[in-house]
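In the working numbering, the protein residues as written are 235 to 414.
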């Protein structure tokens with residue numbers, strides 16, 4: 235049976251995706267942002283609130299099973315292909331946080347700074363399934379990052395120049411270039 239969540243005014247509704255019958259309605263954190271993200275097996279749904287709270291809801295048992303505060307101001311989240319990692323893109327502080335989806339424990343905190351040390355808000359994070367990577371879009375510096383994660387476990391973070399589209403085909407960290 236397909237299921238879906240609809241969110242509104244500090245709550246979410248779990249619906250049967252075939253009949254649209256309401257299965258559950260539950261309280262959520264304030265100002266959910268970025269849309270719900272589902273685990274690959276469809277059992278869990280993750281929510282991010284504007285004020286940095288990440289919640290994990292168990293669809294089978296119909297209850298919130300874990301919450302953690304990853305920031306003061308969060309933009310959105312993305313889940314990895316294998317369902318092991320959740321990345322959180324933040325405005326405040328200027329960083330991304332990678333969480334273990336099993337218990338929402340933090341695995342890595344990565345400051346959003348360019349090679350000159352200029353800090354940036356994170357405007358968005360996405361999963362790139364074919365590449366087994368997260369994509370991070372920075373707002374205040376001209377960079378887009380790719381952070382690969384391994385199906386065997388572990389998230390690698392590459393700092394500095396790992397690719398320049400004018401030179402190489404394979405890349406792990408792409409920096410946007412301003413051309414004149």
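Backbone N, C-alpha and C fix where the C-beta goes; we use that ideal spot for every residue, glycine too.
Predicted model, so just to flag it, every value in this text is computed and none were measured.
Per DSSP, the unbroken beta strand (DSSP E) holding residue 382 starts and ends at 377-382.
Judged by DSSP in its simplified three-state form, residue 365 adopts helix. The C-alpha of residue 285 lies about 21 Å from the C-alpha of residue 247. Remark: C-beta atoms of residue 332 and residue 381 approach each other more closely than 9 Å. Shortest Cα-Cα distance from residue 364 to any of 353, 302, 315 involves 315. Within a 10 Å sphere around the beta-carbon of residue 268 sit 16 or more other beta-carbons, which makes this residue buried. The DSSP assignment places complete beta strand (DSSP E) segments of no fewer than 3 residues inside the segment 273-331 at 278-282, 287-292, 297-303, 307-313, 319-326, in order along the chain.
Residue pairing by DSSP places residue 353 opposite 347 in a beta bridge. Distance from residue 317 to residue 374 at the Cβ level is roughly 31 Å; contact not present, criterion being Cβ atoms closer than 8 Å. At a Cβ-Cβ threshold of 9 Å, residue 321 and residue 361 count as neighbours.
The criterion of a C-beta distance shorter than 9 Å is not satisfied by residue 277 and residue 288. The three-state reading of DSSP puts residue 259 in strand, counting E and B together.
Per the C-alpha coordinates, the member of 256, 253, 272, 243 positioned closest to residue 263 is 243. Annotated three-state conformation of residue 265 is coil, per DSSP. According to the DSSP assignment, residue 247 belongs to the beta strand (DSSP E) that extends over 245-250.
In this structure, residue 356 and residue 328 form a Cβ contact; the two beta carbons are roughly 7 Å apart against a cut-off of 8 Å.
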